[in-house]
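The opening position of the sequence shown corresponds to residue 1 in UniProt numbering, with each subsequent residue numbered one higher.
Okay, so here's the structure we're looking at.
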Amino acid sequence: MRLGRTKDNKIRGDWLFENQALTHTVQQLSDVVAALQQRLDAFPDPGADAPAPGKYPVALPEKFDGALASFPMFLAQAKLYIQGRARNFPDDRTKVHFLISLLKDQAAKWALPLLRQDSPLLMDYVGFCNHLETVFGNPLKESQANRANRQLRQDKSTAAAYATEFRLLAQDLSWNDSALRDQYLEGLSDEILDQLAMMDRPTTLDALIQRSLQIDDRLEDRCQARDRQHSRLLAPVLPSRSTPTAELPDEPTQLGAARPRLSPSEKTRRREGNLCLYCGGSGHYARSCPEKMPVTGKPPTSVAEGPSNLGSQTMQEGPSPVELRHLMVPVRLYPPGGPWILTHALVDSGATRSYMDAAFAARHQVPLQNKPEPVQVEAIDGRFLRSGAVTRETQPLVLCLQQHREVRTLDIASMPRFPLVLGMDWLEAHNVQIDWVNRTVHFPDPCPHARSEMLAAAPTEEAASTLPAEYQDYQDVFEERGADQLPPHRSFDCSIDLQPGAPLPVSRLYSLTEPEREALQDFLRKNLERGFIRPSTSPTAAPVLFVKKKCGELRLCHDYRALNKITIPDRYPLPLISELLERTAFGTRYGQFEYLVMPFGLCNAPAVFQRYINHVFQDLLDKYVVVYLDDIKRVCVLVQ
């Protein structure tokens, strides 16, 4: 009996031990589960913010009635809706049917025959969208954007509003970044162009727009600061003794060092005696020296009104605050064989000639040449410049100011304060009108040397008087004015595609006689003013030569034979009888240039022109006109 009880106690003890072990294990597992749950709760629920299956936060597009202006936005919104609800549109037919369901009025009437005939377009989503765009898209949007972009000006609006409108128009253009930058500069206000002339040129359109916005904001801040300062000056103040305003002497022209440089010992003496480094007087410093003040007696420009320092940009080409009282104008230079330079020039009637600073020319690698004879330059006090006679000048370069273009050579002199000086030779040649209040220069209309003269060369009234009465309604066709303007970019621009791996041709310049050199200079001047050519930095250039016409005049020809050998030919058929501008480059003794219009001599020029002329007369060919390149034969009934 005792033995049986002992056995039962042993079994009970083993059970209790196993039960305690299992309880301990369950507790450990519960702790692990709790820890894992806490870690899981720390992560966000991935499905908490996700839309429900089949839903997408995009509104249903409004129905399209066939209006051309609203078509681009309609198609974009419809494509976005289909893309966001891809599960609802498993095939092309479903997508096309959905697009047709969004059409109404004229657009719906256009789609009805497609449904009745079960057109193959109903099974081709991409093809249907392309066909829809062909019918309702604006075929003239690029030409309209081109015209609107060329006429766009900032005027009195902000730079932000101007940049927004410019970008909206640019998205419909196929221009490259360089062309867009030039056009954006054309429309900017003079105030922003003046500030841009003092800085390094941005290399992209985005950087240029950002820079102009910064300048515009800074100009607005300065304007508000001046208004606040003016309000404080108008407030009543305590009477004070008036100091008589001394008559200030005229400052000599700023060519070289008209004011003598201070010796090191004199500088030390003035610093130790707290004297002005400019005039040597006491009680003030050089930055507020009354000798620098304008004759009107206005106080010197404060730091807040000086040239703005945008970010870390250093305005190395800009005038100092003291020089802002001079008449400074922004100019653009096109040196031969180099990139164009945006800078500023001093208009100085005290200088007999026009000059470029020697350091500025060296910094921008402007090509120079020796003057035929050295020229001695005198300051206003009759003393010769310390730098000696002027013996160097620039090679002929293009100088652009506002819409004015001209070819000019500039004498080289040491002028630390100004990169360029336009003197009396320039003022007399153009007889400009100067607005001294607004510090602006206006050219007469027409200016003898301006591009506007070339555009106005055709005597309209005389041409009209010689036209027969039946052609008076087409008077503009017979004027030369339109032929002297750079045409807009079109889809017929001449492309010069080179054979892959072909080496660029290297040509030497041909020697020219004196009459040929004069004819070359006249050709370059006229075409630079018209805007048909521009200075080039192309790694290759074709030589030029002259051929005598029957009348004895000289015709300029470009030797494009080496370029034509490596050009992929355009196989567009002729009757039985830039984009890459730098490839049209031609070299001369006066620099290297490239065409902005299609020149003679390119192997693909006839095919490109024939394609263009066939497009113009496509509905009249072989009915009323027969065309071979620029020879057009018109068939008409004889007018009695």
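Glycine included, C-beta positions come from ideal geometry on N, C-alpha and C.
What whole-angstrom Cβ distance do residue i and residue j have, given they're in contact under 8 Å?
i      : j      : result
Gly137 : Phe71  : 6 Å
Pro61  : Ala78  : 5 Å
Tyr81  : Val58  : 5 Å
His344 : Met198 : 6 Å
Gly66  : Asp124 : No, Gly66 and Asp124 are not in contact; Cβ-Cβ is about 21 Å, not under 8 Å.
Thr391 : Lys371 : 6 Å
Asp497 : Thr567 : 7 Å
Ala361 : Leu368 : 6 Å
Leu342 : Leu196 : 6 Å
Leu277 : Arg269 : Actually they are not in contact, since the Cβ atoms of Leu277 and Arg269 sit about 10 Å apart, beyond 8 Å.
Leu512 : Leu524 : Incorrect: roughly 13 Å between the Cβ atoms, too far for contact.
Leu64  : Leu103 : Inspection of the sequence shows that residue 64 is occupied by Phe rather than by Leu. Rounded, the Cβ-Cβ distance is 6 Å, consistent with contact.
Asp357 : Ser265 : No, Asp357 and Ser265 are not in contact; Cβ-Cβ is about 29 Å, not under 8 Å.
Once you ignore the five residues that flank residue i on each side, which residues in its own chain have a CB closer than 6 Å to its CB?
i           : result
residue 642 : The first residue shown for the chain is 1 and the last is 640, placing residue 642 beyond what the model contains.
Glu186      : none
Ile100      : Ala111
Gln37       : none
Asp411      : Arg353, Tyr355, Val390, Glu393
Tyr162      : Gln154
Asp559      : Ala542, Pro543
Asp194      : Pro330
DSSP puts residue i in a beta bridge; with which residues?
i           : result
Tyr334      : Val398
Asn370      : Arg392
Asp522      : For Asp522, which the question treats as bridged, DSSP gives no partner whatsoever.
residue 670 : Since the first and last residues shown for the chain are 1 and 640, residue 670 lies out of range.
Leu103      : Phe64
Ile412      : Met356
Leu114      : Leu114 pairs with nothing; no bridge assigned.
Thr567      : Leu498
Leu420      : Ala345, Met356
Thr440      : Asp435
Met328      : Leu346
Glu406      : Leu399
Val375      : Val390
Kindly list the residues whose CB is nearer than 8 Å to the CB of residue i, restricted to its own chain and excluding five residues on each side of it in sequence; keep chain order.
i      : result
His131 : Leu121
Asn19  : none
Val135 : Trp110
Leu188 : Gln154, Ala159, Tyr162, Leu196, Ser212
Glu461 : With a pLDDT of 49 at Glu461, under the threshold of 50, the modelled position of that residue is not reliable, and the figure given next carries that caveat. For Glu461, where only same-chain residues beyond five positions count, there are no Cβ hits under 8 Å.
Gly280 : Arg270
Tell me which residues share the same chain as residue i and place their Cβ nearer than 7 Å to its Cβ, disregarding the 5 neighbours each side in the sequence.
i           : result
Asn431      : Pro444
Ile192      : Ala159, Ser212, Ile215, Asp216
Leu208      : Arg181, Tyr184, Pro202
Val177      : A small fix is needed here, since residue 177 is Asp in this sequence, not Val. Counting only Cβ-Cβ distances below 7 Å, and skipping sequence neighbours, we find Thr204, Leu205.
Ser349      : Met424, Leu427
Tyr555      : First, the residue type needs correcting, since residue 555 is Arg and not Tyr in the sequence shown. For Arg555, where only same-chain residues beyond five positions count, the Cβ hits under 7 Å are Phe546, Val547, Lys549.
Ser320      : Any reading at Ser320 needs caution, since the residue's pLDDT is 44, under 50, leaving its predicted position unreliable; the model's value is listed next. Around Ser320: no qualifying Cβ.
residue 642 : Residue 642 is absent from the structure shown; the chain starts at 1 and stops at 640.
Asp250      : Here Asp250 scores only 37 on pLDDT, less than 50, and its place in the model is too uncertain to base an answer on.
Trp15       : none
Tyr471      : none
Leu68       : Phe136, Asn138
Glu323      : Only weak support exists for where Glu323 lies, its pLDDT of 44 falling under 50; the coordinates are left without a value.
Asp92       : Met123, Asp124, Tyr125
For residue i, decide whether its Cβ has a neighbour in chain C, counting only Cβ atoms nearer than 8 Å.
i      : result
Glu373 : Note that chain C does not occur in the displayed structure, where there is just one protein chain.
Touching by the beta-carbon criterion (3+ pairs, under 8 Å), the stretch 105-119 and the stretch 151-158: no
Between the stretch 415-430 and the stretch 539-553, can you find at least three pairs of beta-carbon atoms closer than 8 Å? no
For the structure I just gave you, are there three or more beta carbon pairs, one from the stretch 326-337 and one from the stretch 389-399, closer than 8 Å? yes
Every unbroken alpha helix (DSSP H) inside the stretch 154-241 [4 residues or more]: 159-170, 177-187, 190-196, 205-234
What are the uninterrupted segments assigned as alpha helix (DSSP H) that are 4 or more residues long and contained completely in the stretch 120-148, given in chain order? 125-136
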